[in-house]
Structures are given as structure tokens and as C-alpha cells.
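Only one structure is covered here, and it is reproduced in the block below.
Protein chains: 2
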Amino acid sequence: MTKLLKLPGLIDVHVHLRDPGATQKEDFYTASRAALAGGVVGLVDMPNNPAPTINLKRLVVKKQAAKKSVCDYGFYFGANQENWKDFRKVFSQVFGLKIYMNHTTGPLLVEDLAVLQQHFKNWPQSKPILVHAEQDTLAKAIGLAACWDKWLHVCHLATSEELELVKKAKQKKIKVTCEVTPHHLFLTKDEVKTLGSLAVMRPPLQTRADLKSLWWGINKGIVDLIATDHAPHTLKEKQSSSPPNGIPGLETSLPLLLTALNENKITLKKLIELTSINPAKFLGLKSVKNSWVEVDLNKKWIIEQKNLQTKCGWSAFHGRKVIGKIERVFLRGKKVVENGKIIVKKGFGKPL
Amino acid sequence: MTKLLKLPGLIDVHVHLRDPGATQKEDFYTASRAALAGGVVGLVDMPNNPAPTINLKRLVVKKQAAKKSVCDYGFYFGANQENWKDFRKVFSQVFGLKIYMNHTTGPLLVEDLAVLQQHFKNWPQSKPILVHAEQDTLAKAIGLAACWDKWLHVCHLATSEELELVKKAKQKKIKVTCEVTPHHLFLTKDEVKTLGSLAVMRPPLQTRADLKSLWWGINKGIVDLIATDHAPHTLKEKQSSSPPNGIPGLETSLPLLLTALNENKITLKKLIELTSINPAKFLGLKSVKNSWVEVDLNKKWIIEQKNLQTKCGWSAFHGRKVIGKIERVFLRGKKVVENGKIIVKKGFGKPL
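Those sequence lines, one after another, are chains A and B.
Just add 5 to wherever you are in the first sequence, counting from 1, and you've got this note's numbering.
Just add 5 to wherever you are in the second sequence, counting from 1, and you've got this note's numbering.
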């Protein structure tokens, strides 16, 4: 028996759309189609492209590339060794500053205290400083945020220790928000055996105990939002001898979460809060008006790679049985997805 | 013309006395003689011996070794990968917990977030957590202290960025204190040319701009105290192909500071505050009663290695012209130094 439900459209604050510079993996058109197919009506792209978003000129190029989108979109600015001088020029056009504080994909690592202090000093308080800061590096990021009184957003929080630290920081009224990814909520290091190099990512997949504490953190209100960290690579790249970090996630996040809802791991209220209400708040948007997703909560189906919209064409969740299917998606009042088909033209997306 | 002045006896909260385990460099008797010769009536020994002070048994052995002292003394406990369980046993017998958060001398490095959190969680608030945390590692230490609401003491703060971070932390009411060493106040990386491997230390000697900002931090009240980080090694060790970190400092600190007083780089009030009043407060001692140092502020002399009490027998300040000489030292009412001679017997020192 079908059990239809209307959810507010999802907002994904953490995606890597590879455009321009690595469009063999993905581009704004294919990624935004994947987004809509997954119920995601708005997304924000990360700056660590081969030509990273580190100055106004690059941001202009990025905006041009994004015009292909079928869903709504936004951008972050990437910190490098010197570009705090450019904050004034770009601040109004981006949703936050991203700092890569650990070695990861792209050339944007910032470790030096003097440089980090310039970024924390010069970035205004009203928008977040998003950090890739794993384990002990997270303590460093929180220290800087506490001293400089800035809004820190912890990307892809993945371990129980990180969760404990964020919990303490919130108790001490340090302005910290955090996100978790679907892959850290539904996969553990045990799956590396079957997934092989497809499971290579940063932060890596963790233990079952970590996964459990993330769910605990969700239900205790410590986790602020769910973001996919959609990071597509071609299958060839992932199966090479030096596989790049990351997996796609835009199309599989909501079905996985609906399955968790079915299993009583999360309430409907919390699911909506973490995928739509809080991400919208995070971006300073009023709310997701006139955009919704119609799902059948009872529909059982199997995630299959061949049905994906993402250009990369594979999923770490291929073959997984899920309960809950997206039937229709509406963006700004217009039906954009029906029965897995994207029924809207290239360029329908607007800046968030 | 002599200009006699009575200063309260100095307290040095950061020394490495090498006893037991490396007494070819120094021991409690020779180091405490050096202390008294430098006007230091009380000192606290660091735990990173070859057999580090990481459990009650080691602390008992350490206390036994310290009975040779001619000045008063105390101890810190060293954090390792698991010994937070022992805090209850040792807490009342030590002045703080030392955590080595960077690679330095000894086997006590702690970098892992889970382990660090156990230490910050379990160490009581009433005594300091002292950290070796250089540059960006300092942000990490401050983050942990802010989240866990513990008293952080920054050892040998050495750079302008570190000073700026501590200044911000204090403004945000995070409980942080900090010390600077005489070598970072009177030597820069320029001196490495003449000193060679004798100048190998952690944190390393910095730029003239850093040195200037430390003096600025002293006069602005950001720096809480001066500690020598007295870290003797034999000349042979220092001149080897892999020279160990550290230099002796107990005997040269006060003459250097008196010279700075003469040059109006520091006020007398501030000098007393940083070398005696604040270190006593830091250790939870009432004050340095009945212990004082009589100095001749006008006496010009030259620091010479051959006159040193430290077993290592050398100084990075050898040959330096100074103004201000220690004439007599009194400990607990008794004269213990006269004209550079230690006139008190082995074992005169008591636990602080």
C-alpha cells in the first residue's frame, strides 16, 4: 500500500561538482540532475577544483559554469596562503569560507598558525568558516574559532571523539555547527572489504561504534545537519592504483534516510530538520518555500547504478535494499521530477 | 657606586633536572646549586626524564632523588597514552600535568584526540595543564582547554602569532596562562651562527620581531611569568652530530633581566611579578616569605662559564656583558649564597 508524504525540498550544503576543471567526473548539469533526482532542490559547491575558487575571477567563472544547473545553487570561497585580502570582494557572493586544515583533495591545505589567524581574524562573523578538520585538527579549529569569536562549521564529522568535542564546545557556548554525511551514517570500515578502492574517502569510514555515536548525536541534537559531501570520480579513477578520495551521494541520501525512518533510527521531524530546515537556516535562507518532495514511504526498491543521474555512474550503495521512494519533486512550484525522470530544462536552476 | 636592592626570591616553574636517569648532564644537587646562585629559591622539575614521571612509583623515586637539593622543589606529572587513570593517586603531590603535544625531548608525545580528551576530561580544574604546544598546536591546546573548561598553561611561548592567540584567548575569558624563557627574550635565530649546535632547542630561537613582541607581551600583561626551561646537556652531547634540545638557564636569567631593567625594557615591579609573585601564585603558594635576593643593580660583569654551578658547565650567554649582580641569597631566613659561593649543605631544600 502506498503511503505518500510531502517533505520540504532538501538543501545540500556540501557538494563537489567538479565544474570547471574536472568535468570528466561530473558537471553542474549532471550533478544538478542527480540532486533533483535525490530530492535536493538547492546545493552549495565546494571550492577545491583543479582551479580552486580562491579569487573573484575564479568565482565569476564558477558562476558561469553553474548556469547549466537544473537545481538552485551557491558557492563557498576557498582559503589559501594569502587571500584573506580578497574577502571583501567576494563575501556577499558566497555562503562561507572553506578551510582545508588536513591533507585532502586539491591544493588548498592551510596549516600555518599565522595564515590561519589571518583568515579567522578577517572573515566576518555572520557567515560560517567551514573546515575539513579531522580528529585532533578539529581541536585546533575550535581553538581558533573560540579565540577569534567566529562561526565554525565542522564538515563531515565522523568519529565519536569529534562528536564529544563538538558537544563540549556547544555547552561552552562556542559558536560551532556540524554536519554528518550519509556514508558515515550507513557505512563502516567493515564495508571496505567489499567496496575496495570505492570506499577511499576523507574522513575515512569509521567503526560501528562511531556510526552509532553519530546517530546518537543526531537524536540528541548535537548534529545540526546532514550533507552528502557528494564527491564523484570516474570508475576508472577510483579503480586506479591511486584512487582519489570521495564518493557520490546526492541521489542516495534521502532513500537511505527514509529507510532509517522506517527502522525508527530517526524521527520524521528530525529528518526534515537535518536535511531541509537547518541547511536553509545555515545558508541564511528564509526556508524552502514552494519546493517539496513527494515520497512513498512504503515503497521497497533496490539502488541500482544504471538508474543514476550522476555522470560518474556508480554508487557505493549499489544493490542496497531501501524503503521509501521519491515519486515527484517540485522546485519553486514547478514539477521537476516524475518517476525518476528529470522533466526540466538545462538552466532552470537559480542562485540560492 | 653600588646600588643594593632586595628582591623576593625567584621561583622557576619550568626546569629539567635530569635526575634520575641522565645525571651526566645534571642532578638535583648541582641544579639546585645553580638555582641558588641565580637567585632561584624554588623550582619545579619536568617529567620527561629517560624514565619519565608517569606513575606514582616514578614520582616516589623522583622525590627521593630530590632530597639532595639545596633549594626548594616540586614536580609535575607527565601525560602518556593511558595514565589519566592515575591522576587521583598523584594529584595532591604535583603542581600540574605536563602534556608534550609536539615532538621534543623524551618519549611523552601525545597527539591523539581520544587520548588528549581523556587527559583534559580527567585532570581537575584547580591545577594547570602545562603544554609544550608550538604554533598551530597551541590552537589545538586552547581548543581542548576551552571545550573542557580546564586551566591551560602555555610553556615557553616564543612567537608573535602564539602571543596574539593567547591574547585573544584571555580576552574571551578562556583560562590560559603563559610563560616566556630568557633565551627567547635575549637570543634570536641570528645567534645560531655564533652558537652553532648550542642553540639547538625547542621551541627554536625566533626572529627579532618575535623577540620584540614577547617584550611587548610582558609589558602589556599578556605574559604571566618568566621560566628558564633550564635544560642542561653535556658539551659533548651538544657538539655531537645530533645535538639534543635545550640550554641551561638557571644562573643567567636574573642577571639578564637586571640588565634589561637597566635598559628600561622592563620595570622593577614587572620583573618581580614575573619571576616571583606570579610563579608563586601559579603554584598555589602564598608568597615567597623570608626568602630574598640582594643584588647590586650597578655592578657590571661578564658571564663566564667557568663560574657556573650547573654540572653541564657551559652557557649560551658566555662572554655576555651584564649589569646587575647577585650579592647574597636568603632561603627561609638563612643566608645560602654569598659572593657566588653556595654556603648551605646538600639537602637544605624542602618540598615547596
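Glycine is no exception: its CB is placed at the ideal position from the N, C-alpha and C atoms.
Closest by C-alpha distance to A/I134, out of A/I104, A/P356, A/F80, is A/I104. Apart from the 5 residues on each side of it in sequence, B/L279 sits with its Cβ closer than 6 Å to the Cβ of L230, I231 in its chain, given in chain order. When DSSP assignments are scanned along the stretch 228-301 of chain A, the uninterrupted stretches of alpha helix (DSSP H) that are 4 or more residues long and fall wholly within it turn out to be 240-243, 258-267, 273-277, 283-287. For the stretch 144-158 of chain B, the set of residues with a beta-carbon nearer than 9 Å to any beta-carbon of chain A comprises A144, K145, A146, I147, G148, L149, A150, A151, C152, W153, D154, in chain order. In summary, A/R93 is exposed, with fewer than 16 beta-carbon neighbours lying within 10 Å of its beta-carbon over all protein chains present. Listed by position along chain B, the residues whose Cβ is nearer than 7 Å to that of A/K173 are C152, W153.
In the DSSP assignment, A/C183 falls within the beta strand (DSSP E) that extends over 181-185. If only uninterrupted alpha helix (DSSP H) runs of at least 4 residues are considered, those enclosed by the stretch 192-225 of chain A are 197-200, 213-224. Around the beta carbon of A/E309, a 10 Å sphere encloses fewer than 16 other beta carbons of the protein chains shown; the residue is thus reported as exposed. Rounded to whole angstroms, the Cβ separation of B/I59 and B/A285 is 27 Å, and the two are not in contact under 8 Å. By the 16-neighbour rule on beta-carbons within 10 angstroms, A/P356 is exposed. Taking CB atoms only, A/A119 has a neighbour in chain B less than 8 Å away.
In the three-state reduction of the DSSP assignment, B/N303 falls in the strand class.
Contact between B/F80 and B/V49 holds, since their C-beta atoms are separated by about 7 Å, short of 8 Å.
Taking a Cβ-Cβ cut-off of 8 Å, B/L210 has no neighbours in chain A, whose nearest Cβ is about 17 Å from it. When C-beta atoms of the stretch 342-357 of chain A are compared with those of the stretch 134-146 of chain B, fewer than three pairs fall below 8 Å, so the two segments do not count as touching. Spatial neighbours of B/I179 in its own chain (CB-CB distance under 7 Å, excluding positions within 5 residues in sequence) are listed in chain order as I147, A150, A151.
Excluding its 5 nearest sequence neighbours in each direction, A/A265 has C-beta neighbours in its own chain below 6 Å: I271, listed in chain order.
By the Cβ neighbour-count rule, A/Q314 is buried, with 16 or more other Cβ atoms within 10 Å of its own.
Between A/L41 and A/V341, the gap from beta carbon to beta carbon is short of 8 Å. Contact between A/L255 and A/A36 is confirmed by a C-beta separation of about 7 Å, below the 8 Å threshold.
Rounded to the nearest angstrom, the gap between the Cα atoms of B/V181 and B/S131 is 13 Å. Neighbours of B/Q86 in chain A, taken as residues whose beta carbon is under 9 Å from its own, are absent, since the nearest beta carbon is some 14 Å off.
The contact set of B/I179 on chain A, defined by CB atoms closer than 8 Å, consists of A151, C152 in chain order. Remark: C-beta atoms of A/Y34 and A/S74 approach each other more closely than 8 Å. Here B/P55 is exposed: its Cβ has fewer than 16 other Cβ atoms, across all protein chains shown, within 10 Å. Under the DSSP definition of a beta bridge, A/L170 lacks any partner.
Taking 8 Å as the CB threshold, A/Q98 stays off the interface with chain B. A Cβ-Cβ contact shorter than 8 Å links A/P248 with A/V205. Taking 8 Å as the cut-off, the beta carbon of B/T193 is found closer than this to the beta carbon of B/R213.
Separation of A/Q123 and A/G83 (C-alpha to C-alpha, rounded to the nearest whole angstrom) is 14 Å.
Under the Cβ distance rule, A/Q130 does not count among the residues neighbouring chain B, no pair being separated by less than 8 Å.
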